[in-house]
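Residue numbers (the numbering used here), protein chains in the order written: chain A, 15 to 236; chain S, 15 to 236.
Positions of the beta carbon are idealized from the N, C-alpha and C atoms, including for glycine.
Worksheet: the structure to be examined is printed underneath.
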């Protein structure tokens, strides 16, 4: 059944669709079919503790607005202006918490192009040599010399899910989204660890290209 | 070889990538492989003669800015503001010519969502019951009660190309785009007639999801 979506709520940081049709037979692990959640991450950023203080004020920390699907992660109340090299800007990009050892801005290509930024496709954390930008907050400004990326599409899972699919951390899988705009997204990076919930992360370009909100069937396969 | 693209020129109405790798054997028709052009259409609109006059002034007609790949079609100098129901707007959406018997706004979902418009996926011209919007030009305003769509992905071709691929007008084909963000776009509508050049039309969500600008191989297949 297609997920329903109030189009007026699309500024929300993450849209999630749960259809959970899985292909193939379990190769191993639990015999019950894991439920598959596909989330569209809108543009967002991660900050260091130091940058939170520079942007929002001395002694300030992030305030939880809404927990995300993965335990411990959250959308913060805080937003910043992201300014590109041509003085184009996105006025309110959401900060996700918790803080990290590096600051990183994750944009869809449509966003990056509108800013005039040539964002490379990278796994989260792999920001070396990526594009820079300027972050403007209510209390200060941070100039990032690197850190603007398009997050590589990926799937989080725990070791039981990995065993079920017959994959391991670092492998690649494919995601078929069927509906009004059917696509197969290839080469999703598998990020398997001990604790993650099963969740595919796409960006808004990918989710909108596939019309994920009106999908009738979703299939994750090797 | 990947196409090169100046990211600063992305406001251009159409980005084209020619890689032309075709799969399969010709089933019929000419034995030489047709060159495949894949074009990303940015948001744009088509207008009636009457709406051109309302928006730009009595007696006004469209001015050619740049010819498009298909003979006789062009990007016009004229742009209009497109306003959604929540008073959000896109300030300068390009008009494509020539004029048509109906006015129609073609948006990617990312655009439509930013305007708060729930655009259906439709073949060009099939606007009945689609969303409306307000168009604002330098000389006047047009309220469209319908006409805002996401153009269904499609491929133009002539009868020789159709014979080569073994398809006919109205059939569906698939497009594989290989590169940094490989995808298979399924169910492209075949629009075959006597005179069209071979050209796939995608919107910006599809082109950006696939990172078409850095594609290394493109394959159109049944």
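As assigned by DSSP and simplified to three states, the class of residue i
i	result
residue 223/A	helix
residue 212/A	coil
residue 93/S	strand
residue 125/S	helix
residue 218/S	helix
residue 115/S	coil
residue 86/S	coil
Proximity test, Cβ basis, 8 Å: residue i and chain S
i	result
residue 220/A	yes
residue 64/A	no
residue 199/A	yes
residue 94/A	no
residue 235/A	no
residue 176/A	no
residue 248/A	Here chain A covers residues 15 to 236 and nothing more, so residue 248/A does not appear.
residue 135/A	yes
residue 40/A	The pLDDT assigned to residue 40/A is 46, lower than 50, so where the model puts this residue is not dependable; a value taken from the coordinates is nonetheless given after this. Closer than 8 Å: no.
Boundaries of the alpha helix (DSSP H) in which residue i is found, first to last residue
i	result
residue 63/A	63-70
residue 174/A	173-179
Close Cβ partners of residue i (< 6 Å) along its chain, the five nearest in sequence each way excluded
i	result
residue 87/A	none
residue 221/S	54
residue 146/A	158, 159, 160
residue 103/S	95, 97
residue 78/A	88
residue 29/A	54
residue 126/A	133
residue 175/A	48, 212
residue 216/S	54, 167
Own chain, CB closer than 8 Å to residue i, minus 5 neighbours either side, in chain order
i	result
residue 84/A	170, 210, 211, 213
residue 110/A	27, 58, 59, 60, 82, 87, 88, 89, 90
residue 172/S	206, 207, 208, 209, 210, 211, 212
residue 124/A	218, 219
residue 112/A	76, 86, 87, 88
residue 106/A	93, 94, 95
residue 73/A	67
Nonlocal neighbours in the same chain, by C-beta distance under 7 Å from residue i, ignoring five residues either side
i	result
residue 184/S	204
residue 224/S	191, 195, 197
residue 141/S	116, 118, 160, 161, 163
residue 236/A	179, 180, 181, 187
residue 70/S	92, 151, 152, 153
residue 148/A	97, 155, 157
residue 200/S	188
residue 62/S	113, 114, 115, 116, 117
residue 100/A	130
Beta carbon proximity, residue i to chain A, threshold 8 Å
i	result
residue 194/S	yes
residue 209/S	no
residue 124/S	yes
residue 185/S	no
residue 181/S	no
residue 223/S	yes
Start-to-end residues for the beta strand (DSSP E) that takes in residue i
i	result
residue 149/S	145-150
residue 188/S	186-192
residue 108/A	103-111
residue 159/A	155-165
residue 235/A	231-235
residue 53/A	51-55
residue 80/A	78-81
residue 118/S	118-120
residue 207/S	197-207
residue 58/A	58-60
Residue i Cβ short of 7 Å to the ligand ZN heavy atom set
i	result
residue 154/S	With respect to small molecules bound, the structure shown includes none, and the ligand ZN cannot be examined in it.
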